[in-house]
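Colleague: Have a look at this one.
Residue numbers (the UniProt record's numbering), protein chains in the order written: chain A, 1 to 513; chain B, 1 to 513.
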């Protein structure tokens, strides 16, 4: 077998059996190796941002790393933004980046570039394979690195000749890296802090969904503390029966208000809350100056163990977490707006839906309206680089073929990675994309004011609006092979939404705001 | 004035008056400063690959650097591939990348990333402004760096507070950096080599068009050497009256054949010819082993001076360069193919057209057919990262509003930066996009065979073809506000081509192959 085959076999042995790909010439032997291993599911994207964002969504919903296949430094560059987002969300991902054959690197071929340079800043683990014999072991180490610390970015650079030259055997999976845990005195201090007045347990990662969210909810119920989380989390469970977790907002001054009475904050699986951006005369962090922050368990530490230790320390094992009720709104009527979109979603979202949300200025009413809908998972963008929603939806749908994926997104954001629509059609993924056509980077109008500029002139206006021409999302969807509808009223949106979550395959709704 | 205003004024004073932009919150003060300086032309792209590729095209056709405005590390990442291409083509470009306010960087905000890491490998010059007082001088140095060595990538990272804090004054333009020149003995050696049997003058950069190409042609006419160039050059003049320059092909074995009899190769404004990729059992360079390569003047050296010195050393000042004749084909009929597309283009391209060519598998027949058309400039992709043609066309059209821009591109390539269609519509650019809808990455089928793999199985096939669903380029164009037509025969293509180069504004033709 050659190096590429040894790597594919190593991946499969290590439980990595999905590969999101946009290959080029330097990856041809890897492609050939995939050919002889049909148990590896290959999903093509027509742009690399769709590749890396899909791997992120896949990990968030499956808990398992996918491989990506990228072509040289520019190919990684195209995927960089969604690797950044995945990194901020602690997703596991194994990037395989094809490089020129090592003996060709002394020449200045057109595609020669600094692969390690462009990958290093967003990779927790980075290695260039030295020869074909090393590829399998490098692959096994990449898997271990990706799985370490609750999810990391591992990048393996594969010179073409290491793929085509002779190798020996695949590598056996390596034992996982053990997670760090807090010390007993830190657990005791946290348990004490959570019982004090003005206490908040600020959770992230695995504590936001499933059984561990319930454990966090028991601690909050027992100690009387608030259970809180950031706004931009990789995955949070919401809707009927989900543990009630209070999420922060986007504007830093609103968060200052929300956190005004917090005196003790225990961080568990999350970092300290931070303003998305700095603004003149506004604080970088929303927490009160006299709040004591106890950094108990970082996002890369043993969240499950820490939660159980806290349950024991607080005597919370018998407590019942506060959960969200089912409270469905009536279907709205009349001209559409973001609030009504949220109401329709809340009323009609099926049990078990996955929402990949990148509606920026429309996001808050959506989140508010759907909080007490049927049980669902809610994915946001912890890295803030727009263009995440469509690729995330692809990855989530590949991970969970039995669940409906809904991707509400601003039009500006969706344009960054619209090529993912094609992948949804190709793979017949059950994804409903909702594009909020406000026809501009509305968020920037607010941000201009936030940084103290109060007038918008011609040059600025021409950089904020996406009118002239108007994007036609029904046509853009059709161009990618996806059916679509344009709606302007709530009744039309409800009808299109029913179609979108009722029929197999992808569908897109352009909501004209 | 604040730092952002001092920078905009510095740019304008330094002759930088076009800004291709995709800004975010961290660049809001720069946007506000642009607002008060309407003499800076701002061109919005909906994706950063469109920003950087446009700056590249703008420089190729104007000889002047444009500024780009990009948002943090992921924004630069999205633009990385076309910065790579610009760098390989020796284009000048000034990237302004907004960063968080410096005091905010100690927190792990969602968009905090390693900007210097992602930019360093593709930037010749890189600086993060220390404070508002430094911004203007940093800007002046960025302009000088971008203009140095025939064109470089200069990247200026602007922490948000350096933009909004108080500055003093714009900086005055700095004197240009002097170009290196060959020594007299090298000129003499080159002059001698060019007179020997089997000599070739291998030119690049400014020697490929305009007066300097004529100078190169005189040297070739006088010495009897071949005048040659790479296939992937940033800009070459072709058609009636243009100097006849022999270009290499894509397949390395064809180039081995083309260069078989070359015994002396003088490099002038170009590097040594290199295979695009390495393949098992094929050479990395096409030049014969016994060919003596004289590296006279690198692409970053004084090409004009060197050419004049060679004219003098060879006594070529009175020689007449061999030029291309006007030889227009008849209009073809019947089912369309790449050869017929080339014939129609050759027959109907207006004088002064600019062709931004990224037709990959269809590129060779196109280049062949149009070589003796009316005079035109031909732009290719010296960096090989696909997704260049549409952005290049935008930049070329902004630089040359009185000329027609034609962008033939593969469908696979066009998908990477299709958002540039919107910018063409927004700016009413006279661009005709020709999409070769072969519905797949055809080049990769050949490349798989090139690396020694002769069967294509299901996983490979699913990564090569872009059928199921078929991309509908007429719909994709309409979605971006661009009119379009789909053609399947030569008559229909000729009619659509006439429409495309005859009416103002952008137009797209989908050629179904």
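Where is the CB? At the ideal position from N, CA and C, for every residue including glycine.
Can you tell me which of A:135, A:507, A:388, A:304 puts its alpha carbon nearest to the alpha carbon of residue 425 (chain A)?
Modeller: Per the Cα distances, A:507.
Colleague: For a contact meaning CB atoms closer than 9 Å, what does residue 419 (chain A) contact in chain B?
Modeller: Ordered by position in chain B, the residues that pass the 9 Å Cβ test against residue 419 (chain A) are 415, 416, 418.
Colleague: Enumerated in chain order, which unbroken segments of the beta strand (DSSP E) with a length of 3 residues or greater are wholly contained in the region 296-379 of chain B?
Modeller: Here the runs fully enclosed are 353-356, 376-379.
Colleague: Just tell me which of A:80, A:381, A:218, A:180 has its CA closest to the CA of residue 194 (chain A).
Modeller: Nearest C-alpha to residue 194 (chain A): A:218.
Colleague: I'd like to know whether the C-beta atoms of residue 491 (chain B) and residue 370 (chain B) end up nearer to each other than 8 Å.
Modeller: No, Cβ-Cβ distance for residue 491 (chain B) and residue 370 (chain B) is not below 8 Å.
Colleague: Closest to residue 115 (chain A) by CA distance: which of B:112, B:394, B:175, B:120 is it?
Modeller: When only C-alpha atoms are compared, the closest one is B:120.
Colleague: What residues match up with residue 408 (chain B) in a beta bridge as DSSP calls it?
Modeller: According to DSSP, which records beta bridges pairwise, residue 408 (chain B) is partnered with B:434.
Colleague: Excluding five sequence neighbours on each side, which residues of the same chain lie with their C-beta closer than 6 Å to the C-beta of residue 151 (chain B)?
Modeller: Here the set comprises 90, 91, 92.
Colleague: Go through its chain and collect everything with a Cβ distance to residue 481 (chain A)'s Cβ below 7 Å, but skip five positions before and after it.
Modeller: For residue 481 (chain A), where only same-chain residues beyond five positions count, the Cβ hits under 7 Å are 422, 425.
Colleague: Would residue 53 (chain B) and residue 417 (chain B) qualify as a contact pair, given that the criterion is a beta-carbon distance under 8 Å?
Modeller: Cβ atoms of residue 53 (chain B) and residue 417 (chain B): closer than 8 Å.
Colleague: Return the CA-CA distance between residue 317 (chain A) and residue 311 (chain A), expressed in angstroms with no decimal places.
Modeller: Approximately 6 Å between the Cα atoms of the pair.
Colleague: 8 Å is my cut-off, CB to CB: does residue 127 (chain B) come that close to chain A?
Modeller: Cβ-Cβ to chain A under 8 Å: no for residue 127 (chain B).
Colleague: By the 10 Å Cβ neighbour count, where 16 or more other Cβ atoms means buried, how is residue 45 (chain A) classified, buried or exposed?
Modeller: Classification of residue 45 (chain A): buried, given that the 10 Å Cβ count is 16 or more.
Colleague: Taking DSSP as the reference, what is the three-state secondary structure of residue 507 (chain A)?
Modeller: In this structure, residue 507 (chain A) counts as strand in the three-state DSSP scheme.
Colleague: For residue 199 (chain B) and residue 69 (chain B), what's the separation of their Cα atoms in angstroms?
Modeller: Roughly 46 Å separates the two Cα atoms.
Colleague: Could you give the DSSP three-state label for residue 226 (chain B): helix, strand or coil?
Modeller: Strand.
Colleague: Which residues of the region 258-291 of chain A have a Cβ closer than 9 Å to any Cβ of chain B? Give them in chain order.
Modeller: Those residues of the region 258-291 of chain A that come within reach of chain B (Cβ to Cβ, closer than 9 Å) are 271, 272, 274, 275, 276, 277, 278, 279, 280, 284, 285.
Colleague: What does residue 475 (chain B) touch in chain A if you count any residue whose Cβ is under 7 Å from its own?
Modeller: In chain order: 475, 478, 479.
Colleague: Whose Cβ in chain A lies nearer than 9 Å to the Cβ of residue 38 (chain B)?
Modeller: Ordered by position in chain A, the residues that pass the 9 Å Cβ test against residue 38 (chain B) are 457, 458, 459.
Colleague: Under 8 Å by Cβ, that's how I've got residue 104 (chain B) and residue 109 (chain A) pegged, so tell me the actual separation to the nearest angstrom.
Modeller: Not really, about 40 Å apart at Cβ, beyond 8 Å.
Colleague: Less than 8 Å between the beta carbons of residue 280 (chain A) and residue 451 (chain A), yes or no?
Modeller: Contact flag set, yes.
Colleague: Could you spell out where the beta strand (DSSP E) holding residue 391 (chain A) opens and where it closes?
Modeller: Element bounds for residue 391 (chain A): not the beta strand (DSSP E) but the alpha helix (DSSP H), 389-399.
Colleague: With H, G and I counted as helix, E and B as strand and the rest as coil, what does DSSP make of residue 124 (chain A)?
Modeller: If DSSP states are grouped into helix, strand and coil, residue 124 (chain A) belongs with coil.
Colleague: Using a threshold of 8 Å, state whether the C-beta atoms of residue 411 (chain A) and residue 324 (chain A) are closer than that.
Modeller: Contact: no.
Colleague: Which residue marks the beginning of the alpha helix (DSSP H) containing residue 51 (chain B), and which one marks its end?
Modeller: Taken as a continuous stretch (DSSP letters only), the alpha helix (DSSP H) holding residue 51 (chain B) covers 48-62.
Colleague: Taking 8 Å as the threshold (C-beta atoms), are residue 140 (chain A) and residue 171 (chain A) in contact?
Modeller: For residue 171 (chain A) and residue 140 (chain A), yes; Cβs fall inside 8 Å.
Colleague: Going by C-alpha distance, which of A:330, A:391, A:1 is nearest residue 494 (chain A)?
Modeller: Nearest option by C-alpha distance: A:330.
Colleague: Helix, strand or coil: which one does DSSP assign to residue 159 (chain B)?
Modeller: In this structure, residue 159 (chain B) counts as strand in the three-state DSSP scheme.
Colleague: Tell me the rounded alpha-carbon separation between residue 306 (chain A) and residue 267 (chain A).
Modeller: Straight-line Cα distance between these residues: approximately 11 Å.
Colleague: Give every residue of the same chain whose Cβ lies closer than 6 Å to the Cβ of residue 22 (chain A), excluding the five residues on either side of it in the sequence, and list them in chain order.
Modeller: Result list for residue 22 (chain A): 45, 48, 51, in chain order.
Colleague: Along the chain, where does the beta strand (DSSP E) containing residue 238 (chain A) start, and where does it finish?
Modeller: Taken as a continuous stretch (DSSP letters only), the beta strand (DSSP E) holding residue 238 (chain A) covers 236-238.
Colleague: How big is the Cα-Cα spacing for residue 12 (chain A) and residue 395 (chain A)?
Modeller: Roughly 18 Å between the two C-alpha positions.
Colleague: Tell me which residues of the region 149-178 of chain B have at least one Cβ-Cβ distance to chain A shorter than 8 Å, keeping chain order.
Modeller: For the region 149-178 of chain B, which is checked against every Cβ of chain A, the residues closer than 8 Å are 160, 161, 164.
Colleague: Give a yes or no on whether the C-beta atoms belonging to residue 82 (chain B) and residue 391 (chain B) are separated by under 8 Å.
Modeller: In this structure, residue 391 (chain B) lies closer than 8 Å to residue 82 (chain B) by Cβ.
Colleague: Give the single residue among A:235, A:237, A:230, A:242 whose Cα lies nearest to the Cα of residue 252 (chain A).
Modeller: Closest option to residue 252 (chain A), Cα to Cα, is A:230.
Colleague: Any beta carbon of chain B sitting closer than 8 Å to that of residue 517 (chain A)?
Modeller: Since the displayed chain A opens at 1 and closes at 513, residue 517 (chain A) lies outside it and no answer follows.
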